[in-house]
Amino acid sequence: MMAVSHIVGSGSYLPERVVTNDELARMVDTSDSWIIERTGIRRRHIAAEGELTSDLAYRAALKALEDAEIEAADIDLIVLATATPDNTFPATAARVQAMLGMNKGAAFDLQAVCSGFVYALAVADNFIRMGQARTALVIGAETFSRILDWTDRSTCVLFGDGAGAVVLKAGETRSLNAAGRERGILSTHLHSDGKLYDLLHTDGGPSRSQTVGLVRMQGREVFRHAVVNLAAVVHEALTANGLTADDIDWLVPHQANKRIIDGTAKKLGLSPKQVVTTIAEHANTSAASLPLALDTAVRDGRIQPGHLILLEAMGGGMTWGASLVRW
Ligand code: ACO
Numbered sequence: 010m011m012a013v014s015h016i017v018g019s020g021s022y023l024p025e026r027v028v029t030n031d032e033l034a035r036m037v038d039t040s041d042s043w044i045i046e047r048t049g050i051r052r053r054h055i056a057a058e059g060e061l062t063s064d065l066a067y068r069a070a071l072k073a074l075e076d077a078e079i080e081a082a083d084i085d086l087i088v089l090a091t092a093t094p095d096n097t098f099p100a101t102a103a104r105v106q107a108m109l110g111m112n113k114g115a116a117f118d119l120q121a122v123c124s125g126f127v128y129a130l131a132v133a134d135n136f137i138r139m140g141q142a143r144t145a146l147v148i149g150a151e152t153f154s155r156i157l158d159w160t161d162r163s164t165c166v167l168f169g170d171g172a173g174a175v176v177l178k179a180g181e182t183r184s185l186n187a188a189g190r191e192r193g194i195l196s197t198h199l200h201s202d203g204k205l206y207d208l209l210h211t212d213g214g215p216s217r218s219q220t221v222g223l224v225r226m227q228g229r230e231v232f233r234h235a236v237v238n239l240a241a242v243v244h245e246a247l248t249a250n251g252l253t254a255d256d257i258d259w260l261v262p263h264q265a266n267k268r269i270i271d272g273t274a275k276k277l278g279l280s281p282k283q284v285v286t287t288i289a290e291h292a293n294t295s296a297a298s299l300p301l302a303l304d305t306a307v308r309d310g311r312i313q314p315g316h317l318i319l320l321e322a323m324g325g326g327m328t329w330g331a332s333l334v335r336w
């Protein structure tokens with residue numbers, strides 16, 4: 010019988026230093042009111058000098074392991090989603106593996122920018138379904154502050170640093186036909202369209218220029234594609250499970266822009282009370298934003314056993330995806 014993945018723990022970490030919109034307004038020509046009105050962002054956390062993506066990932070992972078009551082030695086897979094690895098290589102996941110003292114299995118990075126966490130969740134879920142892993146750590150971690158052009162007001166106000174993680178554990182399914190009634194990850198759905206590569210990219214990279222480059226974005230175009238593609242993939246996830254938007258208890262979206270989140274919720278007919286929105290506190294943390302939001306709603310008690318959770322994200326590539334989880 011094919012295994013099903015259960016999310017058995019979550020954790021998150023934000024760097025200590027908080028940068029408000031007013032502080033940014035002293036660096037570039039912007040204002041607290043413009044940023045709040047257009048994006049919903051009030052502040053972001055920025056990693057300290059020398060604090061790396063692996064450090065953030067490690068702290069989030071420790072909390073997720075503690076929450077799951079699982080020892081690092083029991084983990085046999087780490088999938089770490091990031092667009093801001095410590096080094097070009099090896100994978101940041103390998104560093105985290107060493108920090109955790111994990112002693113078996115595999116660890117690798119996955120790059121799908123802001124969709125990284127839904128991609129990583131899908132990969133780990135498939136390893137578990139196929140019996141190639143029993144206990145997986147899925148991490149989204151970023152230090153986007155290191156690749157921002159701090160003179161470009163159209164991008165530097167949007168992003169922050171952070172990390173989130175979940176622990177997946179294999180369980181047996183009782184019945185594959187009654188998927189909607191099963192606990193665990195019901196399905197994952199991934200997409201990309203490489204023709205949209207230039208809409209959101211860095212203007213450098215190891216192969217292109219021997220530098221990492223800085224974030225460049227056509228904001229309006231990204232916004233337009235996000236609203237259309239997220240609605241489509243959400244519909245796909247619901248249809249695949251024979252469910253409708255009425256069945257959803259919580260929408261946990263990638264935190265890119267409050268207007269994108271509100272637009273998606275409205276299309277689904279969900280009340281704002283059913284949407285987990287954390288963007289005000291940490292801006293867009295790319296691959297970390299979805300697990301940060303998920304962890305917030307688990308810890309404050311909103312997400313309860315039996316609830317149906319819809320996770321969705323969209324990012325550079327362009328990439329996008331969704332997953333339905335019965336808690
Ligand atoms: N402060 C003040 N003014 C600004 C700022 C700023 N920080 N940034 C841009 N502006 C100005 C522009 O220069 C422009 O001025 P102009 O009319 O004189 O040329 C004006 O504001 C309007 O600019 P637009 O880009 O049209 O503003 P828009 O309403 O589209 O908002 C934003 C911009 C917030 C970037 C929006 O397009 C957006 O959120 N797009 C999605 C981008 C996103 O979420 N990216 C995250 C990664 S991808 C993902 O996660 C889905």
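In the working numbering, the protein residues as written are 10 to 336.
Ideal Cβ placement from N, Cα and C applies to all residues, glycine included.
- Counting C-beta atoms within 10 angstroms of its own C-beta, W329 has 16 or more neighbours from the protein chains shown and is therefore classed as buried.
- Per DSSP, the unbroken alpha helix (DSSP H) holding Y67 starts and ends at T62 to A77.
- Contact between the region 110-123 and the region 310-330 is present: 3 or more CB-CB pairs across the two stretches fall below 8 Å.
- Assignment of H316 by DSSP, reduced to helix, strand and coil, places it in the coil class.
- Distance from D118 to L89 at the Cβ level is roughly 5 Å; contact confirmed, criterion being Cβ atoms closer than 8 Å.
- For Y22, there is no enclosing alpha helix (DSSP H); the enclosing beta strand (DSSP E) has its first and last residue at A12 to Y22.
- Looking from the CA of P215, the closest CA among L208, L223 and L247 belongs to L223.
- Taking the Cα positions, T144 is about 27 Å away from Q264.
- Partner residues in the beta bridge of T328, as assigned by DSSP, are S201 and G324.
- With at least 16 other beta carbons inside 10 angstroms of its own, Q106 counts as buried.
- When the beta-carbon positions are compared, L317 and D255 stay at least 8 Å from each other.
- Bridge partners of I194 according to DSSP: V334.
- Counted as a single uninterrupted DSSP element, the beta strand (DSSP E) harbouring K178 occupies residues D170 to E181.
- Remark: the shortest separation between the CB of A69 and any heavy atom of the ligand ACO does not fall under 7 Å.
- Annotation for V176 indicates a beta carbon at 7 Å or more from all heavy atoms of the ligand ACO.
- In this model, D41 and E321 are separated by some 28 Å (Cα to Cα).
- Selection R229, P314, S196 and E151 evaluated against T62 yields E151 as nearest (Cα-Cα).
- The nearest non-hydrogen atom of the ligand ACO is less than 7 Å from the C-beta of A265.
- Selection L239, I45 and L205 evaluated against A274 yields L239 as nearest (Cα-Cα).
- Distance from the C-beta of W159 to the nearest heavy atom of the ligand ACO is not below 7 Å.
- Relative to the ligand ACO, A66 has its C-beta separated by 7 Å or more from all heavy atoms.
- Counting only residues of its own chain and dropping the five nearest sequence neighbours on each side, T29 has a CB closer than 6 Å to the CB of R52.
- Nearest in C-alpha terms to L86, of all of A142, K276, V261 and R268, is A142.
- Beyond the five residues adjoining it in sequence on each side, P314 comes within less than 6 Å, by CB distance, of W336 in the same chain, given in chain order.
- Take the alpha-carbon of L199 and the one of G140: they are about 21 Å apart.
- The region 169-177 makes contact with the region 62-74; the number of CB pairs closer than 8 Å reaches 3 or more.
- Nearest to M111 by C-alpha distance, out of Y67, L260, G20 and I16, is Y67.
- Separation of A116 and G20 (C-alpha to C-alpha, rounded to the nearest whole angstrom) is 19 Å.
- T211 sits buried, since 16 or more C-beta atoms from the chains shown fall within 10 Å of its C-beta.
- Contact between S332 and A133 does not hold, since the beta-carbon distance rounds to 11 Å and is not under 8 Å.
- Scanning its chain for C-beta atoms nearer than 7 Å, with the 5 sequence neighbours on each side dropped, one finds around G180 the residues A12, V13, H15 and G193, in chain order.
- Bridge pairing for D118: L89 [DSSP].
- Under the DSSP assignment, M108 falls in the alpha helix (DSSP H) whose first and last residues are T101 to L109.
- Note that the C-beta distance between G169 and N293 is below 8 Å.
- Secondary-structure assignment with DSSP links P94 through no beta bridge to anything.
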